Amino acid sequence: KQEVTQIPAALSVPEGENLVLNCSFTDSAIYNLQWFRQDPGKGLTSLLLIQSSQREQTSGRLNASLDKSSGRSTLYIAASQPGDSATYLCAAGWDYKLSFGAGTTVTVRA
Amino acid sequence: DAGVIQSPRHEVTEMGQEVTLRCKPISGHDYLFWYRQTMMRGLELLIYFNNNVPIDDSGMPEDRFSAKMPNASFSTLKIQPSEPRDSAVYFCASSTPAGQGINEQFFGPGTRLTVL
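Here the protein sequences line up with chains A and B, keeping their order. Going left to right, the first sequence walks through residues 1 to 110 as our numbering numbers them. Going left to right, the second sequence walks through residues 1001 to 1116 as our numbering numbers them.
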């Protein structure tokens, strides 16, 4: 079964600290991996998409890596800000479908 | 582009009533996905379409759920009859094909359904 796991479920850091969010998946034959942000009561905002042929993607303070052989992806957020507080969801794409992790809820303390 | 549009944003209904959720994907996107999000089960894929054709409906929980895509710019998810356990946030998302699989999925704001 293709499953996605995100640990920890919640994370609290002081402003300015770098964030490291982990995602693991059971089947390395993924097509792509996508990271999303979800604010309370809102929809999902796409942050980064990494295709299976890529090892990382960067956008501003965000960097996501992909290691298919170990079944892992990591989202790095540099110099965290209170506005980064949200739930971050990882989704692995097999075939044309995404399977989502349960998310990591991040709180950045001012 | 306005992004993926969903309506209504909130729906409160009584058990046994029919509920219809609507979605307009991003123009030019060939793939449309319906998801359900609950605290207990997280985000689950219900069904997806490619070029208006349902491809995989294995996530549809019961026969009470049905989805249609009559044209490239409109899709509906219908629940008949609705039950309290259907209460959830329902998301629609759209995407384009990639060399392998699909590209980035873009989500709508969701419909929060409450069945009393």
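Built from N, CA and C at the ideal position, the CB exists for glycine as well. Predicted model only: the values in this text are computed from it and were never measured.
Would you call B/His-1029 buried or exposed, if buried means 16 or more other Cβ atoms sit within 10 Å of its Cβ?
buried
Contacts around B/Ile-1026, its chain only, beta-carbon distance under 7 Å, and the 5 residues preceding and following it disregarded
Asp-1001, Gly-1003, Val-1004, Ser-1094 and Phe-1106
Item checked: Residues in the stretch 1019-1051 of chain B having any Cβ partner in chain A nearer than 7 Å -> Tyr-1031, Gly-1042, Leu-1043, Leu-1045 and Tyr-1048
request  = Compare the beta carbon distance of B/Leu-1046 and B/Phe-1074 with 8 Å and say whether it is the shorter of the two.
outcome  = no
Where A/Asp-95 meets chain B, residues with beta-carbon distance less than 7 Å: Gly-1101
*asked:* Run through the DSSP bridge pairs and tell me what A/Ser-24 is partnered with.
replied: A/Thr-5 and A/Arg-72
Notebook entry, point to check: A/Asp-67 by DSSP, collapsed to three states: which one?
Noted result: strand
Margin query: I want to know whether the stretch 65-80 of chain A touches the stretch 1082-1092 of chain B - three or more CB-CB distances under 8 Å.
Written below: no
**Request:** Using 7 Å as the cut-off, classify the Cβ of A/Thr-45 as near or not near the heavy atoms of the ligand ZN, replying yes or no.
**Result:** The ligand ZN is absent from the structure shown, which contains no ligand whatsoever.
Check your understanding: According to DSSP, which residues form a beta bridge with B/Asn-1071?
Key -> B/Phe-1074
Check your understanding: For the candidate residues B/Pro-1061, B/Glu-1044 and B/Met-1069, whose alpha-carbon lies nearest to that of B/Leu-1032?
Key -> B/Met-1069
Q. Touch check for the stretch 3-19 of chain A and the stretch 83-103 of chain A: three-plus C-beta pairs under 8 Å?
A. yes
Identify whether B/Arg-1085 lies in helix, strand or coil by the three-state DSSP scheme. helix
Helix, strand or coil at A/Asp-84 according to DSSP, with G and I counted as helix: helix
Using the three-state DSSP reduction, which class does B/Thr-1096 fall into: helix, strand or coil? coil
Hey, does B/Ala-1098 have any beta-carbon neighbour from chain A nearer than 8 Å? yes
Open item on the list: Can you tell me whether A/Arg-37 is buried or exposed? The criterion is at least 16 other CB atoms within 10 Å of its CB, across all chains shown.
Closed with: buried
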